Amino acid sequence: MTTPFVSGHELSDKINVSVNTQHLPEHAANEADKYAFAYEITIANNSHESVQLINRYWLIIDGNGKQSEVEGAGVIGQQPQIDSGNSFQYTSGAVLDTPVGSMQGFYEMQDKDGALFRVPIDIFRLAVPHLIN
265 MTTPFVSGHE LSDKINVSVN TQHLPEHAAN EADKYAFAYE ITIANNSHES
315 VQLINRYWLI IDGNGKQSEV EGAGVIGQQP QIDSGNSFQY TSGAVLDTPV
365 GSMQGFYEMQ DKDGALFRVP IDIFRLAVPH LIN
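Numbering (the numbering used here), first residue to last: 265 to 397.
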């Protein structure tokens, strides 16, 4: 049986996602005319109940407009339970064909009653620093 997806769930606005990015110039991908980036995500649960991160979806766009989508269960091999007032932090990465790009997406979360809801992840930039003087 599929758990119903709830649009406009009351908890959506109480889960905050913040992102810090970093170019990884020492990464092997950079030697193949690619650009490697790390992004550190903090998911803060400012609601009154525990939630669980079930799935993720990313739309990655490079500087040429090439789009790729990534989706799947959890993040970094985990489907973390985030208790009320707590946060979960992880680091992952992306490799682009260009020195500038962006990412955006959402997390699919589950509340204590099993209802699924989406938490949007606002667009953020991946860029080699000091590219434009």
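Using N, Cα and C, we set each Cβ at its ideal position, and we do this for glycine too. Here the structure is a predicted model, which is why all the values come from computation and not from measurement.
{"Check": "Cut-off 7 Å between Cβ atoms - residues of its own chain near Ser-351, not counting five sequence neighbours on either side", "Outcome": "Thr-306, Ile-307, Ala-308 and Asn-309"}
{"Check": "Contact belief for Ala-337 with Tyr-303 at Cβ below 8 Å, rounded distance in angstroms", "Outcome": "Rounded, the Cβ-Cβ distance is 19 Å, inconsistent with contact."}
{"Check": "Closest Cα partner of Ser-366 within the set Lys-330, Ala-292 and Lys-278", "Outcome": "Lys-330"}
{"Check": "Residue environment, Ile-385, which counts as buried when at least 16 other CB atoms sit within 10 Å", "Outcome": "buried"}
{"Check": "Proximity test, Val-281 beta-carbon vs the ligand SAM heavy atom, cut-off 7 Å", "Outcome": "Looking at this structure, you won't find the ligand SAM or any other ligand, since it has none at all."}
{"Check": "Cβ-based burial, Asp-297 [other Cβ within 10 Å; buried from 16]", "Outcome": "exposed"}
{"Check": "Cβ-Cβ distance between Ile-318 and Gln-342 below 8 Å", "Outcome": "no"}
{"Check": "Identity of the residue in Tyr-371, Ile-346, Val-315 and Val-334 nearest Asp-377 by Cα", "Outcome": "Val-315"}
{"Check": "Reduced DSSP category for Asn-310 - H, G, I as helix; E, B as strand; rest coil", "Outcome": "coil"}
{"Check": "Residues near Ile-387 in its chain [Cβ-Cβ closer than 8 Å; skip 5 each side]", "Outcome": "Ser-366, Met-367 and Gln-368"}
{"Check": "Thr-355, enclosing beta strand (DSSP E) - first and last residue", "Outcome": "351–360"}
{"Check": "Rounded Cβ spacing between Val-339 and Ser-311 (contact assumed at less than 8 Å)", "Outcome": "That belief does not hold up - the Cβ atoms of Val-339 and Ser-311 are roughly 19 Å apart, past 8 Å."}
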